[in-house]
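Below: the structure, in structure tokens.
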Amino acid sequence: MTDVHRTATTPTFTSDDELLVKISDVSDCLACGTPGLLLVRYRHSWKNQIGVDVPGVRETLLCPQCSRRNAAAAELISLFAVDEKMSLENIDAFGGLVAAWVESLRQGHVDEGLLAAEHDQWLRGAL
């Protein structure tokens, strides 16, 4: 893992396990406005309508409010609560928790029913 400077270019990943983690100058959460704790970029792929893998890069913000429903994120948020600047004594625990959180994100799937319901609400102007 490396810290990415905000002016850095888009990373070229050398493996699926590589993560780029930004813990300084992290933006606020777009959903709730709470200051983000960290931003992580990682390889991610999905299957298109004909079943072919589409590779890409995903970027996810760790928000202490919105992310806490994810158990892996909650553990990471707890570590930030006791060590806001991520000191060297906690760096190994930090790395393991970030890796576990990203893996949980990779395993997540879109709730198609919820998406359809929200889209319908949006079309009716209710969302």
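Residues in the sequence shown are numbered from 876 upward in steps of one, following my numbering. All residues carry an ideal CB built from backbone N, CA and C; glycine is no exception.
Residue closest to residue i, alpha-carbon to alpha-carbon, out of the options
| i | options | result |
| --- | --- | --- |
| Gly970 | Val985, Glu950, Gly983, Asn923 | Glu950 |
| Ser899 | Asp892, Arg933, Leu913 | Leu913 |
| Arg981 | Pro910, Ala906, Val915 | Val915 |
| Lys897 | Asp928, Lys960, Lys922 | Lys960 |
| Arg918 | Leu895, Leu989, Gln996, Leu990 | Leu895 |
| Ala974 | Leu990, Phe955, Ala948 | Ala948 |
| Val932 | Val957, Val977, Ile925 | Val977 |
Assigned secondary structure, residue i (DSSP; H/G/I helix, E/B strand, else coil)
| i | result |
| --- | --- |
| Ser920 | strand |
| Val932 | strand |
| Val985 | coil |
| Asp903 | strand |
| Val1006 | The displayed coordinates of the chain run from 876 to 1002. Any statement about residue 1006 would go beyond what the structure contains. |
| Val1021 | Any property of residue 1021 remains undetermined from this structure, which presents the chain solely from 876 to 1002. |
| Leu937 | strand |
| Val915 | strand |
beta-carbon residue i near the ligand MG non-hydrogen atom, thresh 7 Å
| i | result |
| --- | --- |
| Ile898 | This structure lacks the ligand MG; in fact it carries no ligand of any kind. |
Status (buried if at least 16 other CB within 10 Å, exposed otherwise) for residue i
| i | result |
| --- | --- |
| Leu972 | buried |
| Ser942 | buried |
| Pro908 | Position check: residue 908 holds Gly in this sequence, whereas Pro was assumed. Gly908 comes out exposed. |
| Gly911 | buried |
| Ile925 | exposed |
| Ile952 | buried |
**Message:** Within 8 Å, do at least three Cβ pairs link the stretch 902-913 to the stretch 929-940?
**Reply:** yes
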